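Novice: The opening residue of the sequence shown carries number 616 in this note's numbering; numbering runs sequentially from there. Sharing a structure below in structure tokens format, with a few things to ask.
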Amino acid sequence: VFMGVEDIRRQQPNVLRMELLGAEVVPVESGTGTLKDAMNETLRYWSEVVDDTFYVVGTVAGPHPYPLMVREFQKIIGQEARRQMLEQTGKLPDGVIAAVGGGSNAMGMFYPFIDDPVALLGVEAAGRGLETGEHAASLNCGTLGVLHGAKSMLLQDGYGQVREAYSVSAGLDYPGVGPEHAMLQKIGRVRYETITDGEALEAFQTLCRLEGIIPALESSHALAQAFKEAGKFERILVCLSGRGDKDLQHVSRHIAKEKEVRS
């Protein structure tokens, strides 16, 4: 498993789990040591040993057929959620909200609702603010380009060089997005919004206090947008794409910094 050194630092519990299950986690130090760099190294390694190695990626980005494969596997979650909404409320949700980095959890949640009269909202990471340039909002701020074998919306400069993405969430700081998301934005089927680090951290703490559920920082971006949409929809389905146990130390550091600033 190739993983950027910065993501290893931010998600140490996940690294320990993988190692306990028998995986070898290979640190990637190039670039910013995040998801893009890990994918670069994975593709580089795979091309050298392609005869006896399978390439496995967990997002809907990259070359065909990987975006299709990931969507088909991930949509099981959306199918289950759709069925449970009908069983428990007798109706479909008015809106479905999910975080978008590369876009796997969102695509899996959205796909079973694509043909239904349901609003679909994807939430990108605005990081420290769109105006700062330190964000991961490829759909809201990117331009058309090619990355990791896929043509989609990317964060890139005027010369086509990929810019570094940033987010408090390790799972969202990817400078591109799955091509199907770009298509859904273009045809107007999905609305894509952005949430800052601060808004996501606040949503993280709110869910912990009110429900006793610790959400992943990725999911916290979707939650923050759901709070904004609450007055517009009667029934909202939010994808909690992961547990926040992996993020506790990272969140703790950010909360401590906020307290220092206030004092």
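Note that CB positions come from ideal geometry on N, CA and C, so glycine has one too. Predicted, not measured: the structure shown is a model, and the values here were computed from it.
Quick one: any contact between the stretch 855-866 and the stretch 823-835, if contact means 3 or more CB pairs under 8 Å?
Specialist: yes
Novice: Taking only the alpha-carbon atoms, compute the straight-line gap between H679 and G717 and give it to the nearest angstrom.
Specialist: In the sequence shown, the residue the question calls residue 679 occupies position 64. In the sequence shown, the residue the question calls residue 717 occupies position 102. Roughly 14 Å between the two C-alpha positions.
Novice: Taking 6 Å as the limit between beta carbons, can you name the residues of its chain near G693, skipping five residues before and five after?
Specialist: Here the question's residue 693 lines up with position 78 in the sequence shown. Within its own chain, the residues whose Cβ lies closer than 6 Å to the Cβ of G693, once the five positions on either side in sequence are excluded, are G723, M724, Y726 and P727, listed in chain order.
Novice: Would you be able to state if there are at least three C-beta pairs under 8 Å between the stretch 733-746 and the stretch 760-772?
Specialist: no
Novice: Which of the three DSSP states, helix, strand or coil, is assigned to S779?
Specialist: On the sequence shown, position 164 is the one that residue 779 refers to. Before going on, a small fix: residue 779 reads as Glu here, not Ser. Three-state DSSP puts E779 in coil, outside helix and strand.
Novice: With C-beta atoms as the reference, is Y789 less than 8 Å away from L650?
Specialist: Taking the sequence shown and counting its residues from 1, one reaches residue 789 at position 174. Taking the sequence shown and counting its residues from 1, one reaches residue 650 at position 35. Closer than 8 Å, so yes.
Novice: My guess is that V640 and M618 are in contact by the Cβ rule of under 8 Å, so how many angstroms apart are they, rounded?
Specialist: Counting from one through the sequence shown, the residue named residue 640 turns up at place 25. Counting from one through the sequence shown, the residue named residue 618 turns up at place 3. Going by Cβ atoms, the distance from V640 to M618 rounds to 6 Å, so yes, they are a contact pair.
Novice: DSSP on S767, reduced to helix/strand/coil?
Specialist: If you number the sequence shown from 1, residue 767 lands on position 152. Correct three-state label for S767: strand.
Novice: Runs of 3 residues minimum, wholly inside the stretch 651-726: which ones carry the beta strand (DSSP E) assignment?
Specialist: 710-714
Novice: Around the C-beta of F819, are 16 or more other C-beta atoms found within 10 angstroms, so that it is buried, or is it exposed?
Specialist: Numbered from its first residue, the sequence shown carries residue 819 at position 204. Note on F819: 16 or more other CB atoms within 10 angstroms of its CB, so buried under the neighbour-count rule.
Novice: Is L852 helix, strand or coil when you go by DSSP?
Specialist: Locating residue 852 in the sequence shown gives position 237, counting from the first residue. Note: L852 maps to strand in three-state DSSP.
Novice: Label A714 either buried or exposed according to how many other C-beta atoms from any shown protein chain fall within 10 Å of its C-beta, with 16 as the threshold for buried.
Specialist: Position 99 of the sequence shown, counted from the first residue, corresponds to residue 714. It is buried - the Cβ of A714 has at least 16 other Cβ atoms within 10 Å.
Novice: With distances taken Cα to Cα, identify the nearest neighbour of L707 among I870, V761 and E849.
Specialist: The sequence position of residue 707 within the sequence shown is 92, counting from 1. For L707, the nearest C-alpha among the options comes from E849.
Novice: Determine the burial state of P628: buried for a count of at least 16 other Cβ atoms within 10 Å of its Cβ, exposed for fewer.
Specialist: As a first step, residue 628 is located in the sequence shown; it is residue number 13 there, counting from the start. Classification for P628: exposed.
Novice: In whole angstroms, what separates the C-alpha of D772 from that of Q689?
Specialist: Within the sequence shown, residue 772 is the residue found at index 157, counting from 1. Within the sequence shown, residue 689 is the residue found at index 74, counting from 1. Cα-Cα distance, rounded: 32 Å.
Novice: Helix, strand or coil for G619 per DSSP?
Specialist: Counted from its first residue, the sequence shown places residue 619 at position 4. Here G619 sits in strand by DSSP.
Novice: Give the C-beta separation of L852 and A696 to the nearest angstrom, bearing in mind that I take them to be a contact with Cβ-Cβ under 8 Å.
Specialist: Working through the sequence shown from its first residue, we reach residue 852 at position 237. Working through the sequence shown from its first residue, we reach residue 696 at position 81. Between A696 and L852 the Cβ distance is about 6 Å, and since that is below 8 Å, they are a contact.
Novice: Can you name, in chain order, every residue of its own chain whose Cβ lies under 6 Å from the Cβ of D709, other than the five neighbours on each side?
Specialist: Residue mapping note: residue 709 aligns to position 94 of the sequence shown, counting from 1. Around D709: F848, E849 and R850.
Novice: As a quick exercise: from E814, G786 and K872, pick the residue whose alpha carbon is nearest that of V672.
Specialist: Position 57 of the sequence shown, counted from the start, is the residue given in the question as residue 672. The residue with the shortest Cα to Cα distance from V672 is G786.
Novice: Since T811 sits in a beta bridge, which residues does DSSP pair it with?
Specialist: Reading the sequence shown from its first residue, position 196 is the one you call residue 811. Paired residue(s): G742.
Novice: Taking the Cβ atom as the reference point for each residue, do V792 and A638 lie within a distance shorter than 8 Å?
Specialist: Within the sequence shown, residue 792 is the residue found at index 177, counting from 1. Within the sequence shown, residue 638 is the residue found at index 23, counting from 1. Against a cut-off of 8 Å, the Cβ pair of A638 and V792 comes out as no contact.
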